[in-house]
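To keep things clear, I will list the structure first and then write my remarks on it.
Residue numbers (the working numbering): 347 to 646.
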């Protein structure tokens, strides 16, 4: 059973994100980017860490968080449906994860759609990987993680690395990854009313912004259809109430078929990427500790 704080958090999410206050289309996207739907209580719950060491990777904003003397480095790709999200929205969660795991983290502001559609985000993710390796971070000491669209982007990055003959990171953690942009999972319908965060009716808009005129079954767009052979060990977390529940379960099934080590952790009664509420929801903090434990089990 979910904690009282988790139940309150889900109610706040539904009120802020499923209320229909923001209009559809580009107008609504701009308002969301500007924080028009940000509940001040949710802002407190998600936390606001002091900015880390900001710099540029080419034209892309990047920031270091965590223990800068740590031997292992995490590349973190944020979520937001490929149209939202930033270093600022995910800094607090990634900083907490790095603290639990005793690592340092690199967060990047990859280009967002619709201004920069597919494959811009993948190109930026690979650029961030190349920056780390050129800076002396060996793949054996590199970790990868992403939530929602950032989880899908992490999987696209791993496929791209394989295609380009580059070594894979040591391990990857995926938080409620968005892996099926064809919206073909049963959970997309069965959990449409249960999910307090994602409005399935608005999902096609984000998909069209991200990959217009593209085959949505392209494994780089929908990694649930990818050949995952050669990918590093995966740790996948998902909440039971998520529209994207099947995106995680099907991914893990496919990974196992490809002889990739994959662990699925289902959090009962939790919404999409509940880990971001680590300052308030005990299950969120526990989930981040479990990811840190996975990274530490994999060693270097």
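The C-beta atom is built at its ideal place from N, Cα and C for all residues, glycine as well.
Close beta carbons around residue i, own chain, < 8 Å, minus the five adjacent residues each side
i           : result
residue 357 : 542
residue 563 : 528 and 571
Of the listed residues the options, nearest to residue i (C-alpha basis)
i           : options               : result
residue 419 : 426, 435, 440 and 403 : 440
residue 540 : 531, 588 and 512      : 588
residue 381 : 586, 558 and 435      : 435
residue 546 : 530, 507 and 644      : 530
residue 509 : 576, 364 and 417      : 576
residue 484 : 409, 602, 560 and 512 : 512
residue 460 : 363, 556, 634 and 635 : 556
residue 452 : 410, 365, 348 and 558 : 410
residue 479 : 427, 535, 497 and 507 : 507
residue 361 : 566, 560, 603 and 385 : 385
residue 477 : 401, 642 and 561      : 401
N-terminal and C-terminal residue of the alpha helix (DSSP H) that residue i is part of
i           : result
residue 439 : 433-447
residue 512 : Taken as a continuous stretch (DSSP letters only), residue 512 belongs to no alpha helix (DSSP H), as it is neither H nor E.
residue 609 : Looking at the DSSP string, residue 609 is not in any alpha helix (DSSP H); the run it does join, the beta strand (DSSP E), is 608-613.
residue 361 : 350-363
residue 548 : No alpha helix (DSSP H) holds residue 548; DSSP gives it neither H nor E.
residue 563 : Unbroken run through residue 563: none, as it is neither H nor E.
Cβ neighbours of residue i in the same chain (closer than 7 Å, five flanking residues each side left out)
i           : result
residue 578 : 514, 515, 516, 517 and 518
residue 638 : 443, 446 and 447
residue 591 : 533, 537 and 584
residue 619 : 425, 493, 494, 521 and 522
residue 470 : 406, 454, 456 and 457
residue 558 : 463
residue 560 : 464 and 567
residue 599 : none
residue 635 : 446
residue 496 : 423, 424 and 425
Endpoints, beta strand (DSSP E) assigned at residue i
i           : result
residue 492 : 488-493
residue 419 : 419-423
residue 583 : 580-585
residue 372 : Careful: residue 372 lies outside any beta strand (DSSP E), inside the alpha helix (DSSP H) at 371-379.
Residue i and residue j closer than 9 Å at C-beta
i           : j           : result
residue 422 : residue 492 : yes
residue 647 : residue 621 : In the structure displayed, the chain extends from 347 to 646; residue 647 sits before or after that span and is not available.
residue 490 : residue 597 : no
residue 390 : residue 359 : no
residue 473 : residue 544 : no
residue 433 : residue 413 : no
residue 488 : residue 574 : no
residue 416 : residue 450 : yes
residue 641 : residue 351 : no
residue 582 : residue 594 : yes
residue 628 : residue 349 : yes
Neighbourhood of residue i by C-beta distance below 6 Å, restricted to the same chain and skipping five residues each side
i           : result
residue 458 : 429
residue 363 : 543
Does the region 520-530 come close enough to the region 563-571 to have 3 or more Cβ pairs within less than 8 Å?
yes
When the Cβ atoms of the region 549-558 are set against those of the region 604-623, are three or more pairs found closer than 8 Å?
no
Contact between the region 388-402 and the region 459-471: three or more CB pairs below 8 Å?
Too few Cβ pairs lie closer than 8 Å, so no.
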